[in-house]
Amino acid sequence: MTYQELLEEVSALGFEESVENEKQFRYAANRAQKQIFTERPQRKTLKLSVAGAKGRILEKAVLLSPGEKLNVVVPKGGICFTVGGRGNIAFVESGEKKTKFFDRDGLTERKVFFTDGQLEIEADGYVSISEILHYEGAFQSAAAIPSESGVRVIDLSDNAEDFLCCDTLPKGEDGEPILCAEIRGNELSLPIGFSGCVSVEYCRKPTPIASDDHSARVDIPEETAYLLPVLTSAYLWLDSDPDKATYYMTLYRDGIARVRQMCRKEIDAAYSDVLHWA
6 MTYQELLEEV
16 SALGFEESVE
26 NEKQFRYAAN
36 RAQKQIFTER
46 PQRKTLKLSV
56 AGAKGRILEK
66 AVLLSPGEKL
76 NVVVPKGGIC
86 FTVGGRGNIA
96 FVESGEKKTK
106 FFDRDGLTER
116 KVFFTDGQLE
126 IEADGYVSIS
136 EILHYEGAFQ
146 SAAAIPSESG
156 VRVIDLSDNA
166 EDFLCCDTLP
176 KGEDGEPILC
186 AEIRGNELSL
196 PIGFSGCVSV
206 EYCRKPTPIA
216 SDDHSARVDI
226 PEETAYLLPV
236 LTSAYLWLDS
246 DPDKATYYMT
256 LYRDGIARVR
266 QMCRKEIDAA
276 YSDVLHWA
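For the sequence shown, my numbering begins at 6 and goes up steadily by one.
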């Protein structure tokens, strides 16, 4: 289905020669497209090559009194620590100093040092500082630095532009779920010692519908293409003609139910030895 075909079908469903407001039409079409992708998810597999991180204690936990300072030389790599109280944190690297003020407890800080640098913490009041952990290696962002609990976090949306949400637990090269791995939202948490290939099945976002090229194909699953004009019509006339909108929404609900019944989530003909006798 092209943009032009969608436009013409919606016009026909409204018993009109054309859509009066094409901007409102695109809003309705994009909303309908997103809903269809939610109700009929399109799954993909993201494969990541993960290298284990090697960590060490750079500085032991300490309590600073008002006016005291802590200066720590930081080698190239990433650091992670937690502070509590009131004071200033400064990161010095390549002659550049960046300072930030803190006034709370349980503030976790991560910082990537691309060259050897220095960490400075100055206390305005009493300040508690946890162990400062240092991890060797190169990190693309501070979020990739493992936490104090021994977990590294990978933002899956940074690795897949069309990432919407995860569909299964992350798996290793053997196809089995990775022990102690977790997914929360778009973040994948792995033990810092894990090294290898990770496969993550996820539901993708659709490519938005735009009017730049009326001959462009609309990103929609083939089995639900006939439902897009119906749902778009329901949203387009939601305010101006509630009866018409309700009618088309009912048609859509019936249609998506038939699609779900016709297209099961998966078809697996493989033999599964549940008793382990084979």
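Just so you know, even glycine gets a beta-carbon here, dropped at the ideal spot from N, CA and C.
(request) Could you name the residues of the same chain whose beta carbon sits closer than 8 angstroms to that of L18, not counting the 5 residues immediately before and after it, in chain order? (result) If you number the sequence shown from 1, residue 18 lands on position 13. Spatial neighbours of L18 in its own chain (CB-CB distance under 8 angstroms, excluding positions within 5 residues in sequence) are listed in chain order as P234, V235, S238 and Y253.
(request) Compare the beta carbon distance of I62 and L138 with 9 angstroms and say whether it is the shorter of the two. (result) As a first step, residue 62 is located in the sequence shown; it is residue number 57 there, counting from the start. As a first step, residue 138 is located in the sequence shown; it is residue number 133 there, counting from the start. Yes, these two residues count as a Cβ contact at 9 angstroms.
(request) On the DSSP bridge assignment, give the partners of F86 in chain order. (result) Here residue 86 refers to the residue found at position 81 of the sequence shown. Paired residues: E114.
(request) Apply the 10 Å Cβ neighbour rule to C202 and answer buried if 16 or more other Cβ atoms are within range, or exposed otherwise. (result) In the sequence shown, residue 202 corresponds to position 197, counting from 1. Exposed.
(request) State the Cα-Cα distance for the pair D172 and S204, rounded to the nearest angstrom. (result) Against the sequence shown, residue 172 aligns to sequence position 167. Against the sequence shown, residue 204 aligns to sequence position 199. Distance between the alpha carbons of D172 and S204 is about 11 angstroms.
(message) For R45 and A262, I'd like the C-alpha separation in whole angstroms.
(response) Here the question's residue 45 lines up with position 40 in the sequence shown. Here the question's residue 262 lines up with position 257 in the sequence shown. The alpha-carbon of R45 is positioned some 10 angstroms away from that of A262.
(message) Let me check one thing: in DSSP terms, what residues is R157 bridge-paired to?
(response) For the purposes of this step, residue 157 is taken as the residue at position 152 of the sequence shown. Residue pairing by DSSP places R157 opposite L195 in a beta bridge.
(message) Considering Cα atoms alone, identify which of E98, I134 and C185 is closest to V158.
(response) In the sequence shown, residue 158 corresponds to position 153, counting from 1. Closest option to V158, Cα to Cα, is C185.
(message) Taking a contact to mean a Cβ-Cβ separation below 9 angstroms, would you say R48 touches E228 in this structure?
(response) Here residue 48 refers to the residue found at position 43 when the sequence shown is read from its first residue. Here residue 228 refers to the residue found at position 223 when the sequence shown is read from its first residue. No; because the gap between Cβ atoms is not below 9 angstroms, this pair is not in contact.
(request) Give, in chain order, every unbroken run of the alpha helix (DSSP H) that is at least 4 residues long and sits entirely within the region 15-89. (result) Runs of the alpha helix (DSSP H) inside the region 15-89: 27-44.
(message) Taking the beta carbon of K74 as the centre, do at least 16 other beta carbons fall within 10 Å, making it buried, or is it exposed?
(response) Sequence index remark: in the sequence shown, residue 74 carries index 69 (1-based). With fewer than 16 other Cβ atoms inside 10 Å of its own Cβ, K74 counts as exposed.
(message) How far does the beta strand (DSSP E) with R209 in it extend, from its first residue to its last?
(response) Here residue 209 refers to the residue found at position 204 of the sequence shown. It spans G201 to R209 - the beta strand (DSSP E) in which R209 sits, taken as one unbroken run.
(message) Taking 9 angstroms as the threshold (C-beta atoms), are F30 and G82 in contact?
(response) Residue 82 sits at position 77 when you count from the first residue of the sequence shown. Residue 30 sits at position 25 when you count from the first residue of the sequence shown. By the CB criterion at 9 angstroms, G82 and F30 fall outside the cutoff.
(request) Please determine if the region 81-95 and the region 119-128 are in contact, where contact requires at least 3 C-beta pairs separated by less than 8 angstroms. (result) Contact holds: three or more Cβ-Cβ distances are below 8 angstroms.
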